[in-house]
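*Asks:* My questions will all concern the structure given below.
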Amino acid sequence: MSARDSVIALRSARGIRFCHGPPLEGEYNKFRKDENSSCRDMTFTKDGSFFAWCTIQRTNIMDGTTYESLCQLNNSRVSLLHFSPKGTYLSTWEPYSAKQNAQESCNLHIWDAKGGSCVKSFIQKKQIGWNPQWSDDEFLCARNVSNEVHFFEKANFDKIAKKIFMQKVAYFSLAP
């Protein structure tokens with residue numbers, strides 16, 4: 246999306262709508278308004294090719310060029326969203342709630358953005374620094390886990406490629 250085609254997503258009590266960004270004005274009618282007022286978060290990919298928003302009913306992922314729905318994730322507790330740099334993955338975070346089954350306690354999910362399948366789920370108790378961080382080429386993914394930063398390569402989330410341990414690490418930042 247070029248600067249002259251800039252679009253702004255707006256969330257209000259009347260739902261979500263898109264408007265033209267400067268220098269144009271007015272509503273951007275290619276996006277069908279979502280009049281659900283329960284939107285919790287919304288985000289574009291870096292290049293504007295995808296747009297996602299979450300409500301108390303579901304998470305929606307839309308093609309940012311055609312404005313057609315790609316998929317809906319039926320997870321009503323999602324509060325926060327974050328796309329990987331190329332838009333391959335959408336990460337969602339829900340407030341943590343302990344369950345008897347550890348798998349049911351998972352509240353950080355990484356989804357295939359186009360197909361909507363869950364790639365991996367983790368437990369992420371803290372909201373601050375919740376989102377996985379990616380290298381620009383998406384080769385590396387890192388996440389903060391209780392005094393450690395875990396690194397994954399090539400989206401293989403079943404194997405930790407490297408760990409960095411540091412007492413009381415609260416946050417980290419991965420260079421692109």
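Offset between the sequence shown (1-based) and this note's numbering: plus 245.
All residues carry an ideal CB built from backbone N, CA and C; glycine is no exception.
Taking the C-alpha atoms as reference points, what is the distance between C299 and M307?
*Replies:* Their Cα atoms are separated by approximately 12 Å.
*Asks:* Using the rule of at least 16 other Cβ atoms within 10 Å of the residue's Cβ for burial, across every protein chain shown, is L269 buried or exposed?
*Replies:* Label assigned to L269: exposed.
*Asks:* Going by alpha carbons, who is nearest to R285 out of K278, L325, A258 and Q317?
*Replies:* Taking only the C-alpha atoms, the option nearest R285 is L325.
*Asks:* Looking at the unbroken beta strand (DSSP E) that takes in G260, where does it start and where does it end?
*Replies:* Unbroken beta strand (DSSP E) run through G260: G260 to H265.
*Asks:* In or out: N352 buried (at least 16 other Cβ within 10 Å) or exposed?
*Replies:* Classification of N352: buried, given that the 10 Å Cβ count is 16 or more.
*Asks:* The ligand SAH and I261: does the residue's C-beta get closer than 8 Å to at least one heavy atom of that ligand?
*Replies:* Looking at this structure, you won't find the ligand SAH or any other ligand, since it has none at all.
*Asks:* Would you report the Cα separation of E393 and I409, rounded to the nearest angstrom?
*Replies:* Cα-Cα distance, rounded: 5 Å.
*Asks:* For Q317, which of E349, R262, D403 and L335 has the nearest alpha-carbon?
*Replies:* Of the listed residues, the one whose Cα sits closest to Q317 is L335.
*Asks:* Rounded to whole angstroms, what is the Cα-Cα separation between K275 and Y312?
*Replies:* Rounded to the nearest angstrom, the two C-alpha atoms are 7 Å apart.
*Asks:* Which value, in whole angstroms, describes the spacing of the CA atoms of R256 and R262?
*Replies:* If I take the Cα positions, the gap works out to 7 Å.
*Asks:* Starting from A254, trace the beta strand (DSSP E) in both directions and tell me its first and last residue.
*Replies:* Segment V252 to S257, the beta strand (DSSP E) holding A254.
*Asks:* Can you give me the Cβ contacts of K291 inside the same chain, cut-off strictly under 7 Å, excluding the 5 residues immediately before and after it?
*Replies:* Counting only Cβ-Cβ distances below 7 Å, and skipping sequence neighbours, we find P330.
*Asks:* Could you name the residues of the same chain whose beta carbon sits closer than 6 Å to that of D279, not counting the 5 residues immediately before and after it, in chain order?
*Replies:* G260 and I261, listed in sequence order.
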